[in-house]
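Structure record follows, encoded as C-alpha cells.
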C-alpha cells in the first residue's frame with residue numbers, strides 16, 4: 005500500500021506540472037486567426053506554407069491568398085467611439101469591482117497533492133491499526 009501511495013504521489017508531482025506545457029505545445033501547432041494580433045503576422049505565417057495547413061485563408065470559401073482579413077493591419081488607425089463614463093460603484097464586490105477568478109494552476113496541483121497525501125496517510129493509519137489489533 006505505501007508503494008502505491010508513493011507511486012501515485014510521484015506520478016502527480018511529475019506529470020502535473022507537465023500537463024499545461026503539453027497543452028501549450030499542442031495549441032501552438034494549430035494556429036487560428038485569433039492567435040495573431042495583426043493581419044501581417046497571419047500573412048507571414050500563411051506565406052511560409054501556401055498549402056494553408058492552418059486554414060488562415062477561410063473567407064467565405066474564396067481562396068484569395070490573403071490570410072485573416074478580419075484582423076486589423078499595422079499602421080491603420082480606426083477612429084474609436086467616444087467612451088461614455090459611468091459612475092464608479094461604491095459597494096466593492098457587490099458593486100462589480102473585485103472578486104475572484106478561480107484557483108491558479110499551482111493551487112489545483114497543490115490541492116490534488118494534499119488530497120493524495122491525505123489518502124496515503126489514511127491508508128497507512130488503517131494498515132497500522134489492523135496490525136496493532138491482531
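Residue numbers (this note's numbering): 5 to 138.
The beta-carbon is built from N, C-alpha and C at its ideal position, and this holds for glycine as well.
For clarity, every value in this text was computed on a predicted model and none was experimentally measured.
Can you give me the Cβ contacts of residue 72 inside the same chain, cut-off strictly under 7 angstroms, excluding the 5 residues immediately before and after it? If you number the chain shown from 1, residue 72 lands on position 68. 37, 40, 43, 46 and 60.
For residue 72, three-class secondary structure by DSSP: Looking up residue 72 in the chain shown gives position 68. It is coil, neither helix nor strand.
Please name the residue, chosen from 119, 126, 58 and 34, that lies closest to residue 6 on a Cα-to-Cα basis. Indexing the chain shown from 1 puts residue 6 at position 2. Selection 119, 126, 58 and 34 evaluated against residue 6 yields 126 as nearest (Cα-Cα).
Secondary structure, alpha helix (DSSP H): runs of 4+ residues fully inside the region 35-62: When DSSP assignments are scanned along the region 35-62, the uninterrupted stretches of alpha helix (DSSP H) that are 4 or more residues long and fall wholly within it turn out to be 43-52.
Here's the rule I'm using: 16 or more other beta-carbon atoms within 10 Å means buried, otherwise exposed. How should residue 50 be labelled? Taking the chain shown and counting its residues from 1, the one referred to as residue 50 is at position 46. Taking all protein chains shown into account, residue 50 has 16 or more neighbouring C-beta atoms within 10 Å of its C-beta and is therefore buried.
Consult DSSP for residue 106 and reduce its assignment to one of helix, strand or coil. Position 102 of the chain shown, counting from 1, holds the residue named residue 106. If DSSP states are grouped into helix, strand and coil, residue 106 belongs with coil.
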